[in-house]
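In terms of my numbering, the sequence shown opens at residue 393 and continues consecutively. Every residue, glycine too, gets a C-beta built ideally from N, C-alpha and C. Since the structure is predicted, the reported quantities are computational estimates derived from the model, not experimental observations.
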Amino acid sequence: MSAKPMGSANVPRHIAIIMDGNGRWAKARRLPRIKGHEEGARSVRAVIRACRDAGVEYLTLYAFSVENWIRPPAEIRGLMRLLKKTLREQEFELHENKVRLRVIGRLQDLPRDLRVELKRVMRETAHYASGNLILALSYGGRTEIVHAARQLARRVANGEISHRSINEKSFARHLYAPDVPDPDLLIRTSGEMRISNFLLWQISYSELYVTDVHWPDFRDEELAKAIKAYAQRQRRFGDIK
Ligand code: FPP
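Rendered as structure tokens:
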């Protein structure tokens, strides 16, 4: 996320996180689900800071999936309000640390007030190069892949490119954030062993780290454990070593 000690082979350049377990955290405390999301937003702020201090250049957070729209309307409203509030609270730090905000997903699905705020902060931080905070909002991995395929099909139909020029590289250029390197480390909190339609294309060779800790309890120390576990992995990318 920042210009701090970058480039160490042991620190992932890009961390992507499936932030799960807000509801379970709240339930265990007999609190309404939104309280879990609110505590989760505090973890978001703590992890952004911790990533910056560790020298992580890209942090992608799965904040809302295309599937999450089927949740009760009151929970969706609460989450959208919380996203806007957290964005406002975090804005100063983005500027202070020269971190660029980006969004991947169907921005057009989001409530207008949130969309306007996101676009404003994205515009105002677009020139920063010390770090990247990428929010996956109304995001689905399959949706992203279909979106890329459709764009390529249109370019072929328009005669701009030949179907023969389509390969992994040119395909990847049509994903939502083509210049962002693939995640080195994918973290999932709250113990579930699944990908849940997150970054399907980009995580081909990402190292996976699943912890039982619920997202509201995932703070600096938990991130440090994940980075430590990553440092001990041997990445082979299909080769033998
Ligand atoms: C999963 O918990 C979490 C979400 C669907 C939303 C994540 C949102 C936040 C952490 C709030 C703020 C985010 C940002 C980026 C500011 P769950 O509700 O699926 O938990 P459960 O599986 O235990 O029910």
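By the criterion of at least three beta-carbon pairs nearer than 8 Å, the region 461–479 is not in contact with the region 548–564. For S530, the uninterrupted beta strand (DSSP E) run begins and ends at G523 to Y531, by DSSP. Residue nearest to R444 within the set S596, M472, G583 and L486 is L486 (criterion: CA-CA distance). Between the ligand FPP and G428, a heavy atom-to-CB distance of less than 8 Å is present. Per DSSP, I407 is not a residue of any alpha helix (DSSP H); the beta strand (DSSP E) it occupies stretches across H406 to I410. Between L453 and M411 the beta-carbon gap is near 6 Å, inside 8 Å, which marks them as a contact. By the criterion of a C-beta distance shorter than 7 Å, D612 is surrounded in its chain by A438 and A442, once the five residues flanking it on both sides are discounted. Under the three-pair Cβ rule at 8 Å, the region 591–608 counts as touching the region 413–422. Following the DSSP letters along the chain, one finds S457 inside the beta strand (DSSP E) bounded by residues Y450 to S457.
For L471, the uninterrupted alpha helix (DSSP H) run begins and ends at P465 to E488, by DSSP.
Linking Y622 to V403 through their CA atoms gives a straight-line distance of about 8 Å. Counting along the chain, no beta strand (DSSP E) covers R611, and no H or E run does either.
The continuous alpha helix (DSSP H) containing R515 extends over residues R504 to T517. Bounds of any alpha helix (DSSP H) do not take in I632, whose DSSP letter is neither H nor E. DSSP links L578 through a beta bridge to A408 and L600.
Taking the Cα positions, V458 is about 32 Å away from K620.
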